[in-house]
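Right, one structure below, let's go through it.
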């Protein structure tokens with residue numbers, strides 16, 4: 006029992022300690038080599054920038070979060086629907102899969118300008134870009150999962166006269182859950198990247214702007230400390246998204262899947 | 039005890055050729071009497087599992103005729119070599135599966151599931167998940183799932199092959215006791231001479247390349263059979279004879 010508790014404390018303390026060491030080293034390097042603040046600001050300056058521009062940064066963070074979350078949700082819904090379609094009809098899968106792959110392998114920076122021209126609404130354009138990158142891992146992983154049902158269990162279902170719908174609902178979907186969740190975890194990070202890249206390409210400061218635009222803007226104005234502050238918020242967002250999706254995944258699989266089980270004692 | 043209830047399933051001239059061109063079965067005739075405990079004994083690769091899947095309707099024969107199996111739709115249960123359980127579902131949910139597929143509500147069949155779990159010795163494990171159970175217990179869940187529909191024909195595909203001897207003996211005795219109480223017809227696929235002799239009312243010996251029946255041996259040992267039979271001289275004698283038939287088949 007105390008071992009488990011110690012493990013949990015270590016899991017939280019060790020990364021914090023690592024971060025503190027890193028910040029101390031960063032501060033030491035900046036002061037020792039007398040690096041100019043417009044090349045590399047000290048951690049203290051970044052913290053000050055975070056405090057001074059906190060309001061506008063928070064607004065931007067909220068915008069980026071909204072884009073990421075809505076892209077992830079729509080990618081999940083459409084991705085799962087397409088994967089189910091693929092698993093039900095081989096013909097549909099064969100004819101559409103190459104295009105899903107094409108969507109994935111075409112770099113988002115190459116498509117983003119087009120989307121921004123076609124779609125007037127900047128918010129919608131950025132969301133579409135984020136959706137495009139988040140979409141594929143969900144389709145690919147969920148399709149794989151739906152097709153991985155145990156052959157003997159399928160035979161058993163058929164023996165008991167199961168309908169196609171029953172096989173899907175009671176066998177294929179539960180089988181696909183772990184790989185679907187892997188897809189969602191990958192897509193969570195990708196949706197954030199997509200949102201940032203699209204905003205970089207759009208490079209327009211409207212009434213509402215995300216963290217990517219703040220980084221761009223600070224770069225133009227040589228406010229490097231603020232740039233670091235925005236970058237910090239961006240990576241923090243990525244970490245929070247990853248670990249919350251990881252937590253949901255562990256919770257859903259906790260009773261039965263190897264990946265979610267505690268280590269052997 | 040072997041009830042002479044007439045023919046339940048009858049196979050004539052069964053041939054099975056896989057897509058790869060391998061002839062798995064050729065010219066197999068099999069007569070399954072109602073109430074029989076029929077073992078199909080043979081080395082691996084003799085097509086005995088394929089034959090069982092054909093009886094179950096899981097795979098069609100390439101040629102030949104099956105009589106009787108059509109009328110049994112919904113009354114056949116199958117136990118695989120592996121427990122083949124749904125890892126995300128509890129013991130109770132796994133046993134409930136065939137009834138769920140037949141659109142029975144949970145409340146409606148709760149008593150039946152409880153009774154079946156008691157019969158196979160799984161009382162108290164309703165809420166356990168497959169990964170929390172030993173190999174023998176998992177196999178019990180698989181057997182409970184097969185029995186809960188009250189089948190007419192029970193098909194067992196080497197269900198105890200992966201278990202240790204102690205567990206296997208115990209499960210042999212349990213399945214035999216249940217068969218005597220419930221009067222299903224059993225087709226039991228095995229590569230164990232001792233297991234087939236202990237359980238069956240009749241043993242069908244098969245040989246490979248291509249799979250065919252070489253002998254049909256009635257087992258004269260009286261039921262009920264218990265642990266004492268394993269050391270009885272007549273059992274040893276019968277096993278010796280059966281081993282010889284198997285060796286002849288292999289030669």
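Residue numbers (the working numbering), protein chains in the order written: chain A, 6 to 270; chain B, 39 to 289. Ideal placement from N, C-alpha and C gives every residue a C-beta, glycine not left out.
Contact under 7 Å by Cβ, residue i with residue j
{"i": "residue 26 of chain A", "j": "residue 216 of chain A", "result": "no"}
{"i": "residue 80 of chain A", "j": "residue 139 of chain A", "result": "yes"}
{"i": "residue 189 of chain B", "j": "residue 217 of chain B", "result": "no"}
{"i": "residue 192 of chain A", "j": "residue 142 of chain A", "result": "yes"}
{"i": "residue 130 of chain A", "j": "residue 120 of chain A", "result": "yes"}
{"i": "residue 228 of chain B", "j": "residue 275 of chain B", "result": "no"}
{"i": "residue 160 of chain A", "j": "residue 200 of chain A", "result": "no"}
{"i": "residue 245 of chain B", "j": "residue 252 of chain B", "result": "yes"}
{"i": "residue 70 of chain B", "j": "residue 76 of chain B", "result": "yes"}
{"i": "residue 66 of chain B", "j": "residue 52 of chain B", "result": "yes"}
{"i": "residue 184 of chain A", "j": "residue 150 of chain A", "result": "yes"}
{"i": "residue 154 of chain A", "j": "residue 180 of chain A", "result": "yes"}
{"i": "residue 133 of chain B", "j": "residue 200 of chain B", "result": "no"}
{"i": "residue 240 of chain B", "j": "residue 74 of chain B", "result": "yes"}
{"i": "residue 32 of chain A", "j": "residue 47 of chain A", "result": "yes"}
{"i": "residue 373 of chain B", "j": "residue 138 of chain B", "result": "Residue 373 of chain B is absent from the structure shown; chain B starts at 39 and stops at 289."}
{"i": "residue 48 of chain B", "j": "residue 121 of chain B", "result": "no"}
{"i": "residue 257 of chain B", "j": "residue 230 of chain B", "result": "no"}
{"i": "residue 113 of chain B", "j": "residue 165 of chain B", "result": "no"}
{"i": "residue 115 of chain B", "j": "residue 192 of chain B", "result": "yes"}
{"i": "residue 68 of chain A", "j": "residue 222 of chain A", "result": "no"}
{"i": "residue 148 of chain A", "j": "residue 88 of chain A", "result": "yes"}
{"i": "residue 73 of chain A", "j": "residue 197 of chain A", "result": "yes"}
Residue i in three-state terms, based on DSSP
{"i": "residue 124 of chain A", "result": "coil"}
{"i": "residue 60 of chain B", "result": "coil"}
{"i": "residue 250 of chain B", "result": "strand"}
{"i": "residue 208 of chain A", "result": "coil"}
{"i": "residue 38 of chain A", "result": "coil"}
{"i": "residue 215 of chain B", "result": "helix"}
{"i": "residue 18 of chain A", "result": "helix"}
{"i": "residue 48 of chain B", "result": "strand"}
{"i": "residue 69 of chain B", "result": "strand"}
{"i": "residue 198 of chain B", "result": "coil"}
{"i": "residue 27 of chain A", "result": "helix"}
{"i": "residue 39 of chain B", "result": "Below a pLDDT of 50, predicted positions are generally treated as unreliable, and residue 39 of chain B, at 43, falls in that range; the measurement from the model is reported next regardless. Coil at residue 39 of chain B, not helix or strand."}
{"i": "residue 81 of chain A", "result": "helix"}
{"i": "residue 176 of chain A", "result": "helix"}
{"i": "residue 190 of chain B", "result": "coil"}
{"i": "residue 79 of chain B", "result": "strand"}
{"i": "residue 240 of chain B", "result": "strand"}
{"i": "residue 260 of chain B", "result": "coil"}
{"i": "residue 53 of chain B", "result": "strand"}
{"i": "residue 278 of chain B", "result": "helix"}
{"i": "residue 254 of chain A", "result": "helix"}
{"i": "residue 289 of chain B", "result": "coil"}
{"i": "residue 196 of chain A", "result": "helix"}
{"i": "residue 270 of chain B", "result": "coil"}
Per-residue burial, residue i [other beta carbons within 10 Å of its own, 16 or more giving buried]
{"i": "residue 272 of chain B", "result": "exposed"}
{"i": "residue 135 of chain B", "result": "buried"}
{"i": "residue 99 of chain B", "result": "buried"}
{"i": "residue 17 of chain A", "result": "exposed"}
{"i": "residue 269 of chain B", "result": "exposed"}
{"i": "residue 165 of chain A", "result": "buried"}
{"i": "residue 57 of chain B", "result": "exposed"}
{"i": "residue 39 of chain B", "result": "Since pLDDT at residue 39 of chain B reaches only 43, below the 50 mark, its modelled position is unreliable, and the value read off the structure follows with that caveat. Exposed, by the Cβ-count rule."}
{"i": "residue 109 of chain B", "result": "exposed"}
{"i": "residue 126 of chain A", "result": "exposed"}
{"i": "residue 233 of chain A", "result": "buried"}
{"i": "residue 87 of chain B", "result": "buried"}
{"i": "residue 38 of chain A", "result": "exposed"}
Supposed close pair residue i, residue j - CB separation, criterion 8 Å
{"i": "residue 219 of chain A", "j": "residue 62 of chain A", "result": "6 Å"}
{"i": "residue 151 of chain B", "j": "residue 117 of chain B", "result": "No, residue 151 of chain B and residue 117 of chain B are not in contact; Cβ-Cβ is about 17 Å, not under 8 Å."}
{"i": "residue 236 of chain B", "j": "residue 263 of chain B", "result": "6 Å"}
{"i": "residue 124 of chain B", "j": "residue 158 of chain A", "result": "7 Å"}
{"i": "residue 42 of chain A", "j": "residue 50 of chain A", "result": "6 Å"}
{"i": "residue 258 of chain A", "j": "residue 264 of chain A", "result": "6 Å"}
{"i": "residue 261 of chain A", "j": "residue 126 of chain B", "result": "5 Å"}
Give, in chain order, every unbroken run of the alpha helix (DSSP H) that is at least 4 residues long and sits entirely within the stretch 99 to 160 of chain B.
Listed in chain order, the complete alpha helix (DSSP H) runs (minimum 4 residues) inside the stretch 99 to 160 of chain B are 129 to 139, 144 to 157.
Residue ranges of each alpha helix (DSSP H) within the stretch 85 to 157 of chain A, 4 or longer
95 to 110, 113 to 123, 127 to 151
Only counting runs of 4 or more residues, tell me where the alpha helix (DSSP H) segments fall wholly within the stretch 214 to 267 of chain A, in order along the chain.
216 to 225, 229 to 258
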